[in-house]
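Below you'll find the structure, written out as structure tokens, and then a few comments.
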Amino acid sequence: MSEMKFPDGFLWGGAVAAHQLEGGWQDGGKGVSVADVMTVGSNTTPREITDGVIPGKNYPNHEAIDFYHHYKEDVKLFAEMGFKCFRTSIAWTRIFPQGDEQEPNEEGLKFYDDLFDECHKYGIEPVITLAHFEMPYHLVEEYGGFANRKVIDFFVKFATTCFKRYKNKVKYWMTFNEIDNQSSFNNEFMMTTNSGLIFSKDTNNEAAMYQAAHYELVASALAIKEARKINPDFEIGCMINYTPVYPKTSAPKDILLAQRVDQRRNWFSDVHVFGEYPKETEAYIERNGYRSDITEEDKVILSEGVVDYVGFSYYQSMTVSADKIDADHLVDPSDVIAKNDYLEVSDWGWPIDPIGLRYSLNLLTDRYHLPLFIVENGLGAFDKVESNGEIHDDYRIDYLRAHLEEVKKAVVLDHVDLMGYTPWGCIDLVSAGTGQMDKRYGFIYVDKNDEGVGTMERSRKDSFYWYKKVIESNGADL
Ligand code: BG6
1 MSEMKFPDGF LWGGAVAAHQ LEGGWQDGGK GVSVADVMTV GSNTTPREIT
51 DGVIPGKNYP NHEAIDFYHH YKEDVKLFAE MGFKCFRTSI AWTRIFPQGD
101 EQEPNEEGLK FYDDLFDECH KYGIEPVITL AHFEMPYHLV EEYGGFANRK
151 VIDFFVKFAT TCFKRYKNKV KYWMTFNEID NQSSFNNEFM MTTNSGLIFS
201 KDTNNEAAMY QAAHYELVAS ALAIKEARKI NPDFEIGCMI NYTPVYPKTS
251 APKDILLAQR VDQRRNWFSD VHVFGEYPKE TEAYIERNGY RSDITEEDKV
301 ILSEGVVDYV GFSYYQSMTV SADKIDADHL VDPSDVIAKN DYLEVSDWGW
351 PIDPIGLRYS LNLLTDRYHL PLFIVENGLG AFDKVESNGE IHDDYRIDYL
401 RAHLEEVKKA VVLDHVDLMG YTPWGCIDLV SAGTGQMDKR YGFIYVDKND
451 EGVGTMERSR KDSFYWYKKV IESNGADL
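Numbering-wise (this note's numbering), the sequence shown opens with residue 1 and increments by one.
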């Protein structure tokens, strides 16, 4: 395999999201986002979503790694690794601080102009997600987030403003990050970050999810239709958290359950790609009386605003067992997860499954017949700084190498059309799920811990030099 390379023009890079690294939560006229009302959690304690910002609580995204003021230094380090692209998001609240203003905030727009210029200075192509878990909190309080059809217009306005402003600086876009996370509709973090839904005891979470997700899909399709008018050369993708589902055993009831869990999780990208709901999803929604509001016009919009490529994150596979709940009684996919005896797990309990990535690349190719883009992959781990300042993160190199070996087979042997690879958290940042700093993914270490203490100084880990070599050799030397 070592002599095999990736195709010319392959987009090697790294990925982050605005709220997880920018900080500057009140700088340049920025408004409060849902990420700004989430406290720090841990491996065992979930992040608390507070009712507004409460003085005295620790909100790690407020300062994050202060990329807002360090971006020149950080982009320079990305360039040193040889990045061809850099995936980040545009914080909605920098552009429309409350979400429902008539006019955008010029200072926010200017920040991203400067950031994209800085990337282009080094030949780094920005890859931009519009909504990455950072909806304006005002839209949640005032409108109920995506429970409200009006929020479609606010999103489309935000998206269109960005398309117009950056039409000559950004070619690659994605609308909603990991839109499918909310298939875990009993998880408050997933529902708030995807849709701005805050739980109350009277809400039917599942019904609320199907309605909100529908509005998001319409918003995405409308934005894509607008984008095509602004610049026909844009490449616009969806972004899903792709987690292949395995049956625990070869018993047919496990296999049917695995298929059903896949159907519950993976219909979002079907709508993005095919412009219509898959049969089983539609049947399930109808049978339960969910998603009461879908219009004929919505259906036309969905069919017209389809994506050019499928962007996805890959961290793990999921194994399910029908021992307690079978396919016909499945409600929440989280209830049937079983241990996979063949896979090791990370310190945060995430199964490590490189072959699952090759399997996913083939499966998505067969399903969608579209180019794919791995826009997240990586290992969250504790790092140790040696007394001489070095960081020997061989576990991270091993993880990424094993995954890239499988990606290479998928591209070279199976002819999967893959646009690029942007490992997650190329610089240490705030974990989305736990709010921790010590759950690190980066090639670049940032001196700051879970308590928010540190100098913020950046340093190169061993994986920095490894990834530089991978890019230099276009993947021949893993
Ligand atoms: C993805 C998200 O779910 O996984 C990122 O798109 C997130 O925002 C990443 O950071 C890793 O998850 P975590 O919880 O380890 O930060």
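All C-beta atoms, glycine included, are put in the ideal place defined by N, C-alpha and C.
Check, Outcome
"Ranges of the alpha helix (DSSP H) found wholly within the stretch 289-330, counting only runs of at least 4", "296-304"
"Beta strand (DSSP E) segment containing Val375, residue limits", "Leu372 to Glu376"
"Per-residue DSSP class, three states only, for Ser33", "strand"
"CB of Glu107 within 8 Å of CB of His19, strictly", "no"
"Limits of the alpha helix (DSSP H) - the one that Ala223 falls within", "Asn205 to Ile230"
"Residues bridged to Ala91 (per DSSP)", "According to DSSP, which records beta bridges pairwise, Ala91 is partnered with nothing at all."
"Length of the line joining the Cα atoms of Leu130 and Ala251", "42 Å"
"Touch test, the stretch 309-328 against the stretch 248-268, Cβ-Cβ under 8 Å, three pairs minimum", "yes"
"Among Ile255, Arg396 and Ser303, nearest to Pro278 - alpha-carbon criterion", "Ser303"
"Delimiting residues of the alpha helix (DSSP H) encompassing Asn177", "Run containing Asn177: none; DSSP gives neither H nor E here."
"Within 8 Å, strictly: CB atoms of Pro126 and Phe116", "yes"
"Inter-stretch contact at 8 Å, needing at least 3 Cβ pairs: the stretch 400-409 / the stretch 368-384", "yes"
"Coil, strand or helix - Met456 by DSSP", "coil"
"Neighbourhood of Thr365 by C-beta, 6 Å cutoff - its chain only, sequence neighbours within 5 removed", "Val416"
"Sequence-distant residues of the same chain with beta carbon closer than 6 Å to Val40, five excluded per side", "Asn58, Pro60 and Gly435"
"Contact test: Asn186 Cβ vs the ligand BG6 heavy atom, cutoff 7 Å", "no"
"Chain-order list of residues whose beta-carbon lies under 6 Å from that of Lys169 (same chain, five-residue window excluded)", "Phe116"
"CB-CB length for Ala17 against Asn177, believed under 8 Å", "7 Å"
"Cβ-Cβ distance between Lys461 and Trp348 below 8 Å", "no"
"Gln20 beta carbon near the ligand BG6 (any heavy atom closer than 7 Å)", "yes"
"Straight-line gap, Trp92 to Pro55 (C-alpha atoms, nearest Å)", "23 Å"
"Neighbourhood of Lys229 by C-beta distance below 6 Å, restricted to the same chain and skipping five residues each side", "none"
"Cβ-heavy atom distance, Gly433 to the ligand BG6, below 7 Å", "yes"
"Heavy atom of the ligand BG6 within 7 Å of Gly23 beta-carbon", "no"
"Closer than 7 Å: Ala283 CB and nearest the ligand BG6 heavy atom", "no"
"Continuous alpha helix (DSSP H) stretch holding Trp12: start and end", "Segment Leu11 to Ala15 is the beta strand (DSSP E) holding Trp12; no alpha helix (DSSP H) there."
"Cys119, DSSP secondary structure in three states", "helix"
"Local conformation of Ala18 per DSSP, three classes", "helix"
"Reduced DSSP secondary structure (H/G/I, E/B, other) of Cys162", "helix"
"Rounded Cβ spacing between Phe443 and Met81 (contact assumed at less than 8 Å)", "6 Å"
"beta-carbon Lys201 near the ligand BG6 non-hydrogen atom, thresh 7 Å", "no"
"Opening and closing residue of the alpha helix (DSSP H) in which Asn266 lies", "Pro252 to Phe274"
"Nearest residue (CA-CA) to Asp113, options Cys238, Arg396 and Ser89", "Ser89"
"Contact test: Phe133 Cβ vs the ligand BG6 heavy atom, cutoff 7 Å", "yes"
"Near the ligand BG6: Ala35 beta-carbon under 7 Å from a heavy atom", "no"
"Which listed residue (Phe158, Tyr172 and Ala147) has its alpha carbon closest to that of Gly196", "Ala147"
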